[in-house]
Amino acid sequence: MKTFDYSRADSPEAAVQGGAVGNTRFIAGGTNLLDLMKLQIETPERIVDISRLDLNEVEEGEDGGLRIGAMVPNADLAANPLVTARYPVLSRALLAGASGQLRNKASTGGNFLQRTRCYYFYDTAVPCNKREPGSGCPAKDGFNRIHAILGTSDDCIASHPSDMAVAMRALDAVLVTLKPDGDRRRISIHDLYRLPGDTPQIETVLEAGELITHVELPPPPVGKQSYRKVRDRASYAFALVSVAAIVAVDDGRITNASLAFGGIGPMPWREDAVEKALIGQVPGDAAFNAAADILLADAKGFGSNDFKIPLARRTLIAVLRELTGDAA
Amino acid sequence: MAWERKVGKAMHFTINGKNYDADPDIRTSLLDLLREHLNLTGSKKGCDHGQCGACTVLVNGRRINSCLTLAVMHQDDEITTIEGIGTPDNLAPLQAAFVKHDGFQCGYCTPGQICSATGMLNEAKQGWPSHVSERLEGDVELTDDEIRERMSGNLCRCSAYPNIVDAIREVAEEPA
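Chains A and B supply the protein sequences, listed in that same order.
Under the UniProt record's numbering, the first residue of the first sequence is numbered 1, with each subsequent residue one higher.
Under the UniProt record's numbering, the first residue of the second sequence is numbered 1, with each subsequent residue one higher.
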């Protein structure tokens, strides 16, 4: 690990002041950042410790939604009674990720910003455009079993590893941030992430020193909620494909659908056209397959991840069958 | 704001109810602090990347991977290691159960397993659900599936898993 200067922030304002200087990273849980620092994939010159900031509350919003402090550990968020009762898809996604120890440490804000698990990103002996811009992407013609099938570019085919963020995307989460100049802004999760294009090293729209302080959820959408994750082990493994789904059926027709996908894109994936195709339809495999056709119209495999294309279809259909129950 | 590097001034820690001073490099993980600076070598280093759980300790009663956190971040915390859970003359119930059920072969993962199980039993008592829980709310019944899921962050390369589950189940079933 490269050495660094360390400072513990006692307020969000102090944190963003410290975070605005050069090559500085915030540390909250540290479960991803320190892992990457040990491998010298991340080499910050300064670390601002934000783990003691008073951002640990989960509160009901005036609109019937939820306001979650960015330092709330994943374990606490998953077990929070407001979340288990009203946003079970979020609890389920959190509980499907990592291990008990990691969930006790990893923060809500940090979970959004996890780096990819691409093998080549992790191997500093080989090129990687995300780690060393312009050096190349060995994953395209290499081992790419865990890589993305949607939203990839010539420069990067890495997938986003988070489970939590997939549920957050299905729930239309909004991130509240504080910038070094004192401005606050609200960023929809739909605008947070960037496609890799030819700058895969830039993963979000967050600016230097910009700190996530809260996550806001609107009132839960109408419908039943589920998170279905397919992975190589039954526990403690990243998703090959996952689906966060909220679906409502009324009078034999689908009236609401919110669907986000993990493991298949460089960001938690969501496409309005997939949901629109389901609204008004009679639940059943014909409608479900039509939705999957739209989702996967532009899907592209790279060899060892080709299986994700049929797997994403089957996982989507399975979760839609589950949520539409007898109506299907 | 104030920045620290090779601080040159002591860091203060509370571990197993005792006070410790140390002057480690700023990069030192909590695990390396325990093992290399304070001679508390019960916590083990397996992967050093949060994948194996051998380094599990309790911080303010919660189980974490001590390899994936910086010592400097934990100066105001109550840290409990395997040395603080029981002694050879006075085994904690989980330790006695691991002996009784032969919940290990080489023993390298055992301190982490026991610290993790200590934290896990407390989580279950608080009603925290798991990935395999049918319901997200209500009391937790620690079935074997629940124990396995909740302990999935602790690997045992000797594969003593069935006996580890037996040991933890026995303690979980004891009246509080």
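Don't be surprised by glycine CBs; every beta carbon is placed ideally from N, CA and C.
Span separating the alpha-carbon of residue i from that of residue j
i, j, result
"alanine 277/A", "alanine 291/A", "6 Å"
"isoleucine 264/A", "valine 230/A", "12 Å"
"alanine 96/A", "aspartate 23/B", "39 Å"
"proline 219/A", "alanine 257/A", "15 Å"
"arginine 52/A", "aspartate 141/A", "44 Å"
"leucine 295/A", "tyrosine 193/A", "19 Å"
"histidine 214/A", "alanine 98/A", "22 Å"
"cysteine 158/B", "lysine 44/B", "15 Å"
"glycine 110/A", "alanine 54/B", "24 Å"
"glutamate 45/A", "alanine 106/A", "22 Å"
"isoleucine 64/B", "alanine 117/B", "11 Å"
Same chain only: Cβ atoms within 8 Å of residue i, ignoring 5 sequence neighbours per side
i, result
"asparagine 60/B", "Asp77 and Glu78"
"glycine 127/B", "Glu137, Gly138, Asp139 and Val140"
"leucine 38/B", "Phe13, Ile15, Tyr20 and Ala22"
"residue 336/A", "What is shown of chain A runs 1 to 328, which leaves residue 336/A out entirely."
"glycine 197/A", "Ser153 and Asp155"
"valine 58/A", "Leu66, Arg67, Ile68, Gly69, Val72, Asp76, Leu77, Asn80, Leu82 and Val83"
Closest by C-alpha distance to residue i, when choosing among the options
i, options, result
"threonine 14/B", "Ser29/B, Leu34/B and Gly119/B", "Leu34/B"
"cysteine 156/B", "Glu146/B, Glu36/B, Leu58/B and Asp102/B", "Asp102/B"
"isoleucine 41/A", "Arg103/A, Lys2/A and Glu62/A", "Lys2/A"
"phenylalanine 307/A", "Leu316/A, Val241/A, Asp251/A and Thr24/A", "Val241/A"
"alanine 244/A", "Gly223/A, Ser235/A, Ile254/A and Ala237/A", "Gly223/A"
"phenylalanine 288/A", "Glu62/A, Phe302/A, Glu322/A and Met267/A", "Glu322/A"
"valine 72/B", "Arg253/A, Val89/A, Gly30/A and Thr43/A", "Gly30/A"
"aspartate 250/A", "Ile279/A, Asp232/A, Ser226/A and Val205/A", "Ile279/A"
"methionine 168/A", "Ala286/A, Phe112/A, Gly284/A and Thr124/A", "Phe112/A"
"arginine 117/A", "Gly100/A, Leu217/A, Ala125/A and Arg145/A", "Arg145/A"
Per-residue contacts from residue i into chain B (C-beta, under 8 Å)
i, result
"serine 51/A", "Met73"
"glutamine 17/A", "Met1"
"proline 88/A", "Leu136"
"lysine 38/A", "Asp48 and His49"
"alanine 9/A", "Met1"
Neighbourhood of residue i by C-beta, 7 Å cutoff - its chain only, sequence neighbours within 5 removed
i, result
"threonine 84/A", "Ser91"
"glutamate 207/A", "Lys179"
"glutamate 275/A", "Ala257, Ser258 and Leu259"
"leucine 150/A", "Ile264, Gly265, Trp269, Asp298 and Ala299"
"glutamine 75/B", "Met11, His12 and Phe13"
"proline 12/A", "Leu53, Leu178, Leu211 and Thr213"
Residues near residue i in its chain [Cβ-Cβ closer than 6 Å; skip 5 each side]
i, result
"alanine 15/A", "Ala9, Val48, Ile50 and Leu211"
"threonine 255/A", "Ala248"
Within chain B, partners of residue i - CB distance below 9 Å
i, result
"residue 331/A", "The structure shown does not extend to residue 331/A, since chain A spans only 1 to 328, so no value can be given for it."
"alanine 14/A", "Met1"
Amino acids of chain B, ordered along the chain, whose beta-carbon sits closer than 7 Å to that of residue i
i, result
"methionine 1/A", "Arg27"
"alanine 273/A", "Per Cβ cutoff of 7 Å: no residues; alanine 273/A is ~31 Å from chain B at best."
Interface residues of chain A facing residue i [CB-CB closer than 9 Å]
i, result
"leucine 70/B", "Tyr6, Ile27, Gly30, Leu34, Ile47 and Asp49"
Cross-chain neighbours of residue i in chain A, by beta carbon under 7 Å
i, result
"histidine 131/B", "Leu95, Ala96 and Ser235"
"threonine 56/B", "Gln101"
Task: Contact set between the stretch 90-103 of chain A and chain B, restricted to residues whose Cβ is under 8 Å from the partner - done: Ser91, Arg92, Leu95, Ala96, Ala98, Ser99, Gly100, Gln101 and Leu102
- [ ] With 9 Å as the limit, tell me which residues of the stretch 39-53 of chain B have their beta carbon closer than that to any beta carbon of chain A; keep them in chain order.
- [x] Result list: Asp48, His49, Gly50, Gln51 and Gly53.
Task: Selection of the stretch 229-240 of chain A by Cβ proximity to chain B, strictly under 7 Å - done: Ser235 and Tyr236
Open item on the list: What are the residues in the stretch 140-167 of chain B lying within 7 Å of chain A by C-beta distance?
Closed with: Glu149, Arg150, Ser152 and Gly153
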